[in-house]
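Chain order of the listed sequences is A and B.
At the far end of the first sequence sits residue 396, using this note's numbering, and the numbering has no gaps.
At the far end of the second sequence sits residue 1023, using this note's numbering, and the numbering has no gaps.
Don't be surprised by glycine CBs; every beta carbon is placed ideally from N, CA and C.
What follows is a single structure, written as structure tokens, with notes after it.
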Amino acid sequence: MSDATAQDFIRIDPDGQTISLHGPWTVFEADNLRRVLRPQKQQLQKAAGDARAIDISAVTQLDTVGAWLIRNYFGTQNDRWQMTERQKALLEFLPTDLPRRQAVSRKDRLPQMIDDIGQKTIDILQFLYGIIAFMGLICTRLAANLIRPSQLRPASITRHIFETGIAALPIIGLLAFLMSMVVSYQGAMQLQKFGADIFTIDLTVISMLREMAPLVTAIMVAGRSGSAFAAEIGVMRLRKETDALEAMGLDPISLLVVPRLIALLITLPLLTFFADIVGMTGGAIMAWSLLDISPTQYIDRVSEVATVTMYLVGMVKAPVFAFVIAVICTYHGMNVTGSAESVGRVTTIAVVQSIFMVIFVDAAFSILFAEIGI
Amino acid sequence: MTGTSKRAVIEVRNLTNAFGENTVHENLNLTLYQDEILGIIGGSGSGKSVLLRTMLGLHRPSAGEVCIDGHNLHELDAAAARELEKTWGVLFQDGALFSGLSTLDNVAFPLREYTQLDDGAIENIALFKLQTAGLEPDVADRLPSSLSGGMIKRAGLARALALDPKILFLDEPTAGLDPLAAAAFDDLLLELRHILGLTVIIITHDLDTLVRVCDRIAMIIDKKIISGTLAEMMASDHSEVREYFHGTRMHAVETLHAQTQAPALKG
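Quick look at the structure:
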């Protein structure tokens, strides 16, 4: 009834004695009703005042919104009204006035901006305080568990080793292979110009061992397992499972956080080592296909270039990355409050922050190693 | 209660629902008449919620059909199905409020989607529905996560009532409410039925609701429905129906009801 006219809804007999309403007065017609009635609101209200009878019994459908409109236009019911029992009950059911909502006070823009900056600063400081306190808490629980190994949860730890480590092998391997391919290609293209093809191997091996393998593995694990940590623990918090643990006198940190941390501390170095091996294998394949360097030559070259220090420089970072990822992601998981929506938000924040911190820590390591000359 | 003068609103015919080996409903039949409040009961896992989901078209049955207002739910095209869906309101067990929207916006959501009313009018209607459901206006801006269990039920009811539905589906509406709130909910339901001419289906474990509100009771037993008025169910010979309606808790409710609320009981 998009082209409905006032006649469809309301008729006033010529002498102005009776106003009768017709058609459906429902929420779905409310827009039509308002459109056709609003221009004549004053005449209608005046007519309603003068009329001897207002007949709404011919209305085919009446719901709360329709009843609302009727009252707006024709005032509250009285003995001049003709209607069915049900219509009468409905009109009486409507409250006489709507509860007023307190208007949200809008602040001026500048104070609001300063307010926002202050609030954000406080949030950041609180986060820093929270995560440092959390780190301390985890360390004490970890130490307590290590002193009394009977308190460790082997079942939980092995499950997380499987999920964060073994299940990640294919994707980490593929990633390491592709990274070594990319580096080899770039190296070969540039170094061939100077006839220094053989240095492609140096480039690939050194960059994989020192930087690429640990960094790429850590970023992958942060995205893969860090998000799982935050989401799993977040959901458990939402469903009050952590409260249930605490009520049983069990410590959620020891039960949920420590096993994940231990698992990641074990798996991330192993995954890094795996990425080292696959990366160097990839380097060999690329050297063979791009530069016609045979695998035996490649192995000779690698044993000249690669040193134990180089390998250790890469490997020493892995547990640090593992710690960073586990702490940030479980911290965010433990701080989920409110609704399911916040689990999604917190998981995103956890992954972004842990990847950022992994790269930040990596940069700090680079500076440190450069300063001490390794 | 199967008088020919009554118009059937929902007809479930020969419904069979099976999940793998597990058959939940088998040739189940159920008819719901206009202006009627039907309580669906049954033990845990007897398929009450599956029956509700099937009636809403959220679950496709293995066999059988569901007709609402004479339309076969599973043969409608998308547009016709949407028209039908506008005529019912659903209160899910845990409220199913949209967690990203404020309480007011939750109620306003169907109005925004299905009507062209302006924002001011929608807000007024939504506030009125919240008030109808017994919520104070100051909860309007709060997110569902900050509401208590009872408030969530009320907000869910307000959302179900947003479009003034003809059929109301309620999945355990009084579970988790305190007795006063539950009684108020029952009163509201009776009043709404009287005023708006609602047809209501309630899944409930609440014996008070069953006794006070429901015109007819349908019990799912052995994958089928046994239905009747409270008096008929009380008099039934079926062993499981007897067990349900002659348990100690039912007796307590009955006795209490007979003593205090006798005039309110419909004969």
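Output the distance between the C-alpha atoms of A:W47 and A:M356, rounded to the nearest integer angstrom.
52 Å
Based on Cα-Cα distance, which residue from A:A244, A:Q173, A:T98, A:Q375 lies nearest to A:L428?
Here chain A has residues from 23 to 396 only, and residue 428 of chain A is not among them.
Any idea what DSSP makes of B:T871, helix, strand or coil?
coil
Taking 8 Å as the threshold, find out whether the stretch 789 to 807 of chain B comes into contact with the stretch 944 to 957 of chain B through three or more Cβ pairs.
Yes, since at least three Cβ pairs between the stretch 789 to 807 of chain B and the stretch 944 to 957 of chain B fall closer than 8 Å, the two stretches touch.
Report the rounded CA-to-CA distance for B:M757 versus B:N785, giving the unit in angstroms.
The predicted position of B:M757 is uncertain, since its pLDDT is 43 and thus under 50; a value taken from the coordinates is nonetheless stated next. Taking the straight line from one Cα to the other gives about 15 Å.
Pick out the complete alpha helix (DSSP H) segments inside the stretch 198 to 273 of chain A, 4 residues or longer, and give them in chain order.
Segments of the alpha helix (DSSP H) lying fully in the stretch 198 to 273 of chain A: 221 to 229, 235 to 243, 249 to 260, 263 to 269.
Going by Cα to Cα distance, which pick from B:G932, B:R915, B:L933, B:D934 is closest to B:F925?
B:R915
Run through chain A and tell me which residues come within less than 8 Å of B:F884, C-beta to C-beta.
Correct list: T86, W90, L116, P117, L120.
At a CB-CB cut-off below 9 Å, which residues of chain A make contact with B:G953?
R108
Report the rounded CA-to-CA distance for A:I34 versus A:R102, giving the unit in angstroms.
15 Å
Just the chain B side, please: which residues come within less than 7 Å of A:A484 by C-beta, in chain order?
For chain A, the structure presents residues 23 to 396; residue 484 of chain A sits outside this window and is missing.
My output table needs one value for A:M302: the three-state DSSP class, helix, strand or coil.
In the structure shown, A:M302 sits in a helix (DSSP, three-state: H, G or I).
Does A:Q29 pass the burial test, meaning 16 or more other C-beta atoms within 10 Å, or should it be called exposed?
exposed
Under 8 Å between beta-carbons, which chain B residues line up against A:T48? List them in chain order, please.
D920
Determine whether the beta carbon atoms of B:T843 and B:I957 lie at a separation below 8 Å.
no
Between B:I981 and B:V997, how many whole angstroms is the CB-CB distance? I'm expecting something under 8 Å.
That pair is no contact at about 11 Å.
Compile a chain-ordered list of the residues in the stretch 348 to 361 of chain A whose CB is closer than 7 Å to at least one CB of chain B.
G360, S361
Once the 5 residues before and after B:T760 are set aside, which same chain residues still bring their CB inside 7 Å of it?
At B:T760, the pLDDT of 49 sits below 50, so the modelled position is not reliable and the matter cannot be decided from this model.
For B:T871, go through chain A and note every residue whose CB falls closer than 7 Å to its CB, in chain order.
V49, F50, A52, D53
Return the CA-CA distance between A:V227 and A:I275, expressed in angstroms with no decimal places.
CA-to-CA, the gap between A:V227 and A:I275 works out to about 40 Å.
Quick check on this structure: which residue in B:L867, B:S858, B:D971, B:D942 has the alpha carbon closest to the alpha carbon of B:A911?
B:S858
For B:L1037, count neighbouring Cβ atoms within 10 angstroms of its own Cβ and tell me buried if that reaches 16, exposed if not.
Only positions 757 to 1023 of chain B appear in this structure, which leaves residue 1037 of chain B out of reach.
Can you have a look at A:I350 and say buried or exposed, based on whether 16 or more other CB atoms are within 10 angstroms of its CB?
buried
Does DSSP put A:P46 in a helix, a strand or coil?
strand
Against chain A, does B:I881 count as a neighbour if the rule is that its beta carbon must be under 8 Å from one of theirs?
yes
Give me the Cα-Cα distance between A:A73 and A:H44, rounded to the nearest whole angstrom.
17 Å
Go through its chain and collect everything with a Cβ distance to A:R323's Cβ below 6 Å, but skip five positions before and after it.
The beta carbon of A:R323 lies closer than 6 Å to those of I223 in the same chain, with the five residues before and after it left out.
So, for B:N828: in the same chain, excluding its five sequence neighbours on each side, which residues have a beta-carbon less than 8 Å away from its beta-carbon?
E821, V822
Determine, for B:G906, whether the minimum Cβ-Cβ distance to residues of chain A falls below 8 Å.
no
Expressed to the nearest angstrom, what Euclidean distance is found between the alpha-carbon atoms of A:M379 and B:A852?
37 Å
Check whether chain B comes within 8 Å of A:L312, counting only Cβ atoms and requiring the distance to be less than that.
Under the 8 Å criterion on CB atoms, A:L312 is classed as non-interfacial with respect to chain B.
Would you kindly report the start and end of the unbroken beta strand (DSSP E) that includes B:I796?
793 to 797
For B:L946, which residues in the same chain have their Cβ closer than 7 Å to its Cβ, ignoring the five residues on either side in sequence?
V969
Please confirm whether A:F267 and A:L277 have their CB atoms less than 8 Å apart.
Here the sequence assigns Leu to residue 267 of chain A, which means Phe is not the residue at that position. Yes, the Cβ-Cβ distance between A:L267 and A:L277 is below 8 Å.
Taking A:A235 as the query, report the chain B residues whose CB atoms sit under 8 Å from its CB, ordered along the chain.
Result: empty, since nearest Cβ-Cβ is about 41 Å, beyond 8 Å.
From the beta carbon of B:P900, is the nearest beta carbon of chain A less than 8 Å away?
Closer than 8 Å to some Cβ of chain A, the Cβ of B:P900 qualifies, so yes.
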